[in-house]
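Below: the structure, in structure tokens.
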Amino acid sequence: ANSGFYDGTKFHRVIKDFVVQGGDPYSKGGEHAKGPVGTGGPGYKIDCETKGNPHTHQVGALSMAHAGKNTGGSQFFIVLNEQNTKHLNGVHTVFGKVIEGVDVVPKISQNDTVSKARVSSGAGAK
Numbered sequence: 183a184n185s186g187f188y189d190g191t192k193f194h195r196v197i198k199d200f201v202v203q204g205g206d207p208y209s210k211g212g213e214h215a216k217g218p219v220g221t222g223g224p225g226y227k228i229d230c231e232t233k234g235n236p237h238t239h240q241v242g243a244l245s246m247a248h249a250g251k252n253t254g255g256s257q258f259f260i261v262l263n264e265q266n267t268k269h270l271n272g273v274h275t276v277f278g279k280v281i282e283g284v285d286v287v288p289k290i291s292q293n294d295t296v297s298k299a300r301v302s303s304g305a306g307a308k
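Number 273 in the working numbering belongs to position 91 of the sequence shown; there are no gaps in the numbering.
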């Protein structure tokens with residue numbers, strides 16, 4: 183994220199009271215559009231890290247989107263409603279949470295663009 187990989191990507195999947203999903207490099211368009219939006223990734227796969235992961239899908243949680251076990255890449259989703267995402271616990275890896283702009287997350291619309299995404303490991307990023 184700190185290298186600018188996510189900058190210019192779009193939120194391509196927005197489901198009210200569930201999740202907003204982004205991170206597909208194909209959503210940048212132009213030379214990045216190498217396939218249908220929603221199918222792109224970084225060119226490698228990430229294994230699921232659900233076993234022993236104490237984090238749950240709470241509002242604002244960042245979680246790895248995938249098309250099946252151990253198929254994650256760059257796509258992620260942000261939880262909008264904890265009650266509607268309980269079934270994702272133990273299936274999708276929660277790896278972070280929104281710590282700034284939490285009030286903006288529910289206002290995200292489909293095709294809104296990520297202007298700048300950065301990762302923080304300091305206070306508040308628990």
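Glycine included, each C-beta is placed from N, C-alpha and C at the ideal position. Owing to the predicted nature of the structure, the values given are computational and were not obtained by experimental measurement.
Look at the alpha carbon of Asp229 and the alpha carbon of Arg195, and state the distance between them as a whole number of angstroms. Indexing the sequence shown from 1 puts residue 229 at position 47. Indexing the sequence shown from 1 puts residue 195 at position 13. One C-alpha to the other measures close to 22 Å.
Under a Cβ-count criterion, where at least 16 other Cβ atoms within 10 Å of its own Cβ denotes burial, should Ala249 be classed as buried or exposed? On the sequence shown, position 67 is the one that residue 249 refers to. By the C-beta density criterion, Ala249 is exposed, having fewer than 16 other C-beta atoms within 10 angstroms.
Out of Gly272, His269, Gly278 and Gln265, which one is the CA nearest neighbour of Phe258? Here residue 258 is taken as the residue at index 76 of the sequence shown, counted from 1. If you compare the alpha carbons of Gly272, His269, Gly278 and Gln265 with that of Phe258, the shortest gap goes to Gly278.
Would you kindly report the start and end of the unbroken beta strand (DSSP E) that includes Ile197? Counted from its first residue, the sequence shown places residue 197 at position 15. That run of the beta strand (DSSP E) goes Arg195 to Ile197.
Where Ser291 falls: helix, strand or coil (DSSP): Stepping through the sequence shown from its first residue, residue 291 is reached at position 109. Ser291 falls in the coil class under three-state DSSP.
Contained beta strand (DSSP E) runs [length at least 3] in the segment 188-226, N- to C-terminal order: 195-197 and 201-204, all fully within the segment 188-226.
So, helix, strand or coil for Lys233, using DSSP? Residue mapping note: residue 233 aligns to position 51 of the sequence shown, counting from 1. Looking at Lys233 - three-state DSSP - the assignment turns out to be coil, as it is neither helix nor strand.
Can you say whether Ser297 is buried or exposed, counting buried as having 16 or more other CB atoms within 10 angstroms of its CB? In the sequence shown, the residue the question calls residue 297 occupies position 115. Answer is exposed; the Cβ neighbour count stays below 16.
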